[in-house]
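End of the sequence shown = 172 in our numbering, gap-free, step of one.
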Amino acid sequence: MLSATVFFGLALVAFVGALVLVFHRNPMVAAVGMAVAMVGLGVLYMILHVPFLGLFLIIVYAGAVMVIVLYVIMALGLEEQGPPVGAVQTVLTFAAALLFIFHVYRLTRGAAPGPFPKVEPVFGSIQQFGHLLVSQYAVPFEVASVLLVGAMIGAIVLSRRDWT
9 MLSATVFFGL ALVAFVGALV LVFHRNPMVA AVGMAVAMVG LGVLYMILHV PFLGLFLIIV
69 YAGAVMVIVL YVIMALGLEE QGPPVGAVQT VLTFAAALLF IFHVYRLTRG AAPGPFPKVE
129 PVFGSIQQFG HLLVSQYAVP FEVASVLLVG AMIGAIVLSR RDWT
């Protein structure tokens, strides 16, 4: 029961972080919401015995991507956008959220998760990930790498100042 409580608690943290990311008017607060969502999802992956993907999500998205997003926000000088939210809109949003939570509760109240299935010890390990990457997914991996190199070359060409 404790593992289900922790799982759903982390899912709620990730969900609230995603809501803050999408709906907050201040870009800095929205960026922090993105970091909270990514850390919550990363810990969820770790609980589901996929530690490599969880750490990858936390390090890359909550770390590196967040630094880039915050740098762009500060460089562009973005501030709160749009008109202030009125009291009626706040009450309607809160009522809609409560209605959504009520419907989710009604749909899932009899669907308590059973015991989690046992997984093999190498599931989600770096060794298994690397083996799948060079065997089963070798062609898509190479296509993605060629596309990324092409995108980097295109970005360098487009960012050059002299168009002679």
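Glycine residues also receive a C-beta, built at the ideal position from the N, C-alpha and C atoms. As the structure is a computational prediction, the values presented were derived from the model and not from experiment.
Buried versus exposed call for residue i [16 or more other C-beta atoms within 10 Å across all chains shown]
i: Met-160; result: exposed
i: Ile-76; result: exposed
i: Ile-186; result: The structure shown has nothing for residue 186, since the chain only spans 9 to 172.
i: Tyr-79; result: exposed
i: Val-58; result: buried
i: Val-30; result: exposed
i: Gly-85; result: exposed
i: Ala-70; result: buried
i: Gly-62; result: buried
i: Tyr-145; result: exposed
i: Val-47; result: buried
Nearest-angstrom Cα separation, counted from residue j out to residue i
i: Ile-164; j: Gly-158; result: 10 Å
i: Ile-134; j: Phe-60; result: 6 Å
i: Asn-34; j: Val-24; result: 16 Å
i: Leu-49; j: Ala-22; result: 6 Å
i: Met-36; j: Pro-148; result: 35 Å
i: Phe-137; j: Lys-126; result: 19 Å
i: Leu-141; j: Ile-66; result: 21 Å
i: Val-28; j: Ala-43; result: 10 Å
i: Leu-166; j: Ser-153; result: 20 Å
i: Val-40; j: Thr-13; result: 24 Å
i: Ala-72; j: Ala-104; result: 34 Å
i: His-32; j: Leu-20; result: 17 Å
i: Gln-97; j: Ala-38; result: 19 Å
i: Thr-101; j: Arg-168; result: 46 Å
i: Val-151; j: His-139; result: 17 Å
i: Phe-15; j: Gly-162; result: 42 Å
Min CB distance residue i to chain B below 8 Å
i: Arg-114; result: You won't find chain B in this structure, because it holds only one protein chain.
Three-state secondary structure (DSSP) of residue i
i: Phe-23; result: helix
i: His-139; result: helix
i: Pro-125; result: coil
i: Gly-132; result: coil
i: Leu-56; result: coil
i: His-32; result: coil
Contacts around residue i, its chain only, beta-carbon distance under 6 Å, and the 5 residues preceding and following it disregarded
i: Val-51; result: Leu-18
i: Ala-26; result: Ala-45
i: Met-74; result: Ala-43
Chain-order list of residues whose beta-carbon lies under 7 Å from that of residue i (same chain, five-residue window excluded)
i: Met-54; result: Gly-62
i: Phe-131; result: His-57
Beta-carbon proximity list for residue i, same chain, < 8 Å, skipping 5 on both sides
i: Leu-156; result: none
Runs of alpha helix (DSSP H) lying entirely within the segment 58-104, each at least 4 residues, in chain order: 59-64, 74-84
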